[in-house]
Amino acid sequence: MQIRILHHECCGSGHCLDLAPGAFALDSKNKAVVLDPESETPERLLEAAEACPSSAILLLDDEGNTVFP
Ligand code: SF4
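Per the working numbering, the very first residue in the sequence shown carries number 97; after that it's consecutive.
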């Protein structure tokens, strides 16, 4: 699974790192960054993307097809 973050949309809520701490972190500007997507299950990544209040997380499969949203 590949993760894209829409940085201009991210409000730094931290929901994604609460749910999938291996895959997300916050940078010094309080914007989410991607760590290691493979360290979390696809189900966890989907849960994190769905929980994002800013709809800032996009998920793509390994072929680049959109998984979420
Ligand atoms: S859940 Fe969304 S808004 Fe919150 S830190 Fe993660 S990407 Fe940013």
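Quick reminder that beta carbons are idealized off the backbone N, C-alpha and C, glycines included. For clarity, every value in this text was computed on a predicted model and none was experimentally measured.
Reduced DSSP category for A147 - H, G, I as helix; E, B as strand; rest coil: Residue mapping note: residue 147 aligns to position 51 of the sequence shown, counting from 1. It is helical.
Rounded separation between H111 and H103 - CA only: Residue numbering aside, residue 111 sits at position 15 when the sequence shown is read from its first letter. Residue numbering aside, residue 103 sits at position 7 when the sequence shown is read from its first letter. Rounded to whole angstroms, H111 and H103 show a C-alpha spacing of 15 Å.
Coil, strand or helix - L115 by DSSP: Position 19 of the sequence shown, counting from 1, holds the residue named residue 115. L115: helix per DSSP, three-state reduction.
Residues near A144 in its chain [Cβ-Cβ closer than 6 Å; skip 5 each side]: Mapped onto the sequence shown, residue 144 falls at position 48. Hits under 6 Å: C112, L115, A116.
S135 CB to nearest heavy atom of ligand 1 below 6 Å: As a working mapping, residue 135 is identified with position 39 in the sequence shown. When distances are taken from the beta-carbon of S135 to the heavy atoms of ligand 1, even the shortest one reaches 6 Å or more.
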